[in-house]
Structures are given as structure tokens and as C-alpha cells.
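full-length UniProt numbering applies: residue 1 is where the sequence shown begins, and numbers increase by one. Inspection log for the structure reproduced underneath, given as C-alpha cells.
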Amino acid sequence: MAKRKAGATAQPAASASKPSAASLTASSASSSRTPSDPLPTAHYIPRVPLQLLAIGYSLVISARDVDLAIRGPPRIVKALVDNPLGTLPTICGLVAAVQCWFGYWARSCKAQAKRAAEKGEDGEEDRPVKSSLSRTWAKALRGEAPASFKKRSSGGKGGVAGGLDTTFVPQAVMVTLLGAAFFHACAVLLGASLTTNVTSTFLMSLLLSLLSITPLAIAIPPFTSPQERYTWLRLFSSLSPNDNLEIALLAPALGAIVGCWAGAIPIPLDWDRPWQRWPTTCILGALGGHAAGTLVSLAVVGWRSAVVAAVDVLEEVKQKEQKQQAEGSRAVAGAGKKRQ
């Protein structure tokens, strides 16, 4: 009778241990399918110094006609003071190239996260194609495209030709020009001359629009869908980004706008310095504010990613402990059956 009772108690224990293992497997599977943040931190961190260095290089290139005896930042300031109409177009052109590069990368990250959420991370199409360097080089010598390029150019959605998405170009150009016109009107309302230095004011407004609006217009085109327009409204009205990608786009934009506004503070002071000439300080303030906002976004994104990584490690440890407990209960149930 005692053996029968022990066997009867062992069987419910074994049956109770099986649902816990199944629930553990289901919870781990569901957690692995949750969509991740669209911004890959491992790729974003090395891009930030490259972006800032490229913008700084554009300033150095724009001051190439200044006397070589002047070194460092004073040379850039002198170029902006003496010849703003010859310096600003070069800066705007190079900054536009840098911002388009960064905005297109952000757009690609968002599109990749959207595809992963739709298809699931377990799909065969979302797995990266691994290939050695020698094999890739041999294929390149034979004229074959890399596997990832073939995948992108094999007929994806949205009319992408040759793996390069160009559907955002009209909206990005229009939104950038609208932003430049808006910033120009704001500058006039805040005290800039309406009839003199019009070209300099517009070029400054265009530079500010390139720094703040262009990456957002490429990554999140506002006229694509009502959801994208709501994203713009949410970002600029309540300043509430939902993920790291929106932080990386919003913080530099706010930094550039605030820096440009703060750069106008020294202009009315009676210091009688050449660099107080309009719009030198506003241009330098916009560039400095953009750099400060980029560094702030880097710090925030790094901190959030570190917290998420720590939480993932703790969850993994917890799942291992639950698995060990389930295996221990199964071992106890098996020992009870053997005794029976």
C-alpha cells in the first residue's frame, strides 16, 4: 500500500513538471520573437564619430582659400566672416552628403526591423548569408555580386532598383526646402534683416534644415502615411521618442536648433569683434549644437542598450534556474518510479 501511494504521488509530480518545462519553452520562444529596437547599437556607435569628423572636414575644406598662416578654428571663423557666400555653399553641399548617408542608414535600419517583425526572426530569409573573404573576392573577380546584394536587388518591395531605395528622394528634398523656408522666416521674425544679407540668411537656414530635418525626412518620410505624420507630430510637439532610432534622429535636430538660436546671443553685444557679424555665430552654434546633441544621443542610446543587455542576462539566468528546477523535479519523479 505504501509503494502504491508513493507511485501515485510520483506520477502527479512528473505530470506537474512537464507543464512547467513546456511553459518555459513557450516563454523563451515568445521572448525570442519580440521585435528588437530598430537601431543596432553596435553599428550606431562607430558611425557617430565618422559623422562628426565628416562634418568637421567640411568646415576645413570650406576654409581652404584662407591664409595658411592661420591655423585651427580661427581659420574657419575667418572664412565665414570674410566670405560667407563662398563658404556656406561648400559647407551645405558636404553636410548634405553626410546627412543623406546617415539618414539612409537609419531608414535601412527601420526597414530591416519592420521586415523582421513581419516575417519573424526564425525565417530563412532574414538570416545573414555567411561567406569567407576569399570566397567573396573570388566571386567578385568572376563578376558575381555578393549574396546580400543579390537578395536586395532580386525584386524587393517598394520598387527598389539595384538594391538602392530612392523612393524617399522627392519627399526629403521637399521637406528640407520647406524647413529652410521655415527657418528663414523664423530668423526674420526674430530680428534678421528682410532686405539685406538675404542669401546668407537663407544659406544658414538651409544648413540648419540639413542638420535637423534631412535625416528625419529620409528615415521617416512625413507624407508616406498618417502614421509617419503622427510620428513627426509626436516628436516635435511632445518630444517623446519611442525607441533608440528616434532618439538618434531627434537629439541632434534639437541640438542644432537650440544651438543656432543661442548663437545669436553674442551678436547685439558691443564687443565690436569681427566674428559677431551675421550669421557667423548662428552657423557655429548650429554646428556645435548638432555635435552636442549627437553626443547626448550616443550617451542615451548606450545607456539604454546597456540596461537592456543587463535585463536580458538576468532573464537568461532566471530561465536557466527554472530549467534546472524542472530537470530536478523530473529526476525526483524518475527516482520515485524506480522505487515503485
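Just so you know, even glycine gets a beta-carbon here, dropped at the ideal spot from N, CA and C. All figures in this text were calculated on a predicted structure; none of them were measured in a lab.
Taking all protein chains in view, the Cβ of I45 is surrounded by fewer than 16 other Cβ atoms within 10 Å, so the residue is classified as exposed.
Taking all protein chains shown into account, P268 has fewer than 16 neighbouring C-beta atoms within 10 Å of its C-beta and is therefore exposed. With respect to L284, G255 sits apart: the two C-beta atoms are not nearer than 8 Å. Within the model, the alpha-carbon separation for I55 versus V307 is close to 31 Å.
With a minimum length of 4 residues, the unbroken runs of alpha helix (DSSP H) contained wholly in the region 50–89 fall at 73–82. For H184, the number of other beta carbons within 10 angstroms of its own is at least 16, and it is reported as buried.
In terms of CA proximity to Y104, L249 leads the group L249, L59, E321 and A335. In the structure shown, L208 falls within a helical segment according to DSSP collapsed to helix, strand and coil. Beyond the five residues adjoining it in sequence on each side, I257 comes within less than 6 Å, by CB distance, of S212 in the same chain, given in chain order. Under the three-pair Cβ rule at 8 Å, the region 290–301 counts as touching the region 239–248. Counting the other Cβ atoms within 10 Å of the Cβ of A309 gives fewer than 16, which makes it exposed. Sorting P73, L177 and P226 by C-alpha distance to the C-alpha of C92 places L177 at the top.
The beta carbons of G289 and C260 sit closer together than 8 Å. In the structure shown, L164 falls within a strand segment according to DSSP collapsed to helix, strand and coil. N197 carries a coil assignment under DSSP once its states are collapsed to helix, strand and coil.
Within its own chain, the residues whose Cβ lies closer than 6 Å to the Cβ of P279, once the five positions on either side in sequence are excluded, are S200 and M204, listed in chain order. Around the C-beta of R339, fewer than 16 other C-beta atoms lie within 10 Å, and the residue is accordingly described as exposed. For F183, the three-state secondary structure derived from DSSP is helix.
A buried status is given to G179, since no fewer than 16 other beta-carbon atoms sit within 10 Å of its beta-carbon. With 16 or more other Cβ atoms inside 10 Å of its own Cβ, L39 counts as buried. Sequence-distant partners of R277 (beyond 5 residues in either direction) whose C-beta falls short of 7 Å from its own C-beta, in its chain, are V81.
Between the region 207–223 and the region 94–102 there are three or more inter-stretch CB-CB distances shorter than 8 Å, so the stretches are counted as touching. For F236, the enclosing alpha helix (DSSP H) starts and ends at P226 to S237. The C-beta separation of T90 from I61 comes to about 6 Å, placing the pair in contact by the 8 Å criterion. Between L52 and A291, the C-beta spacing is below 8 Å.
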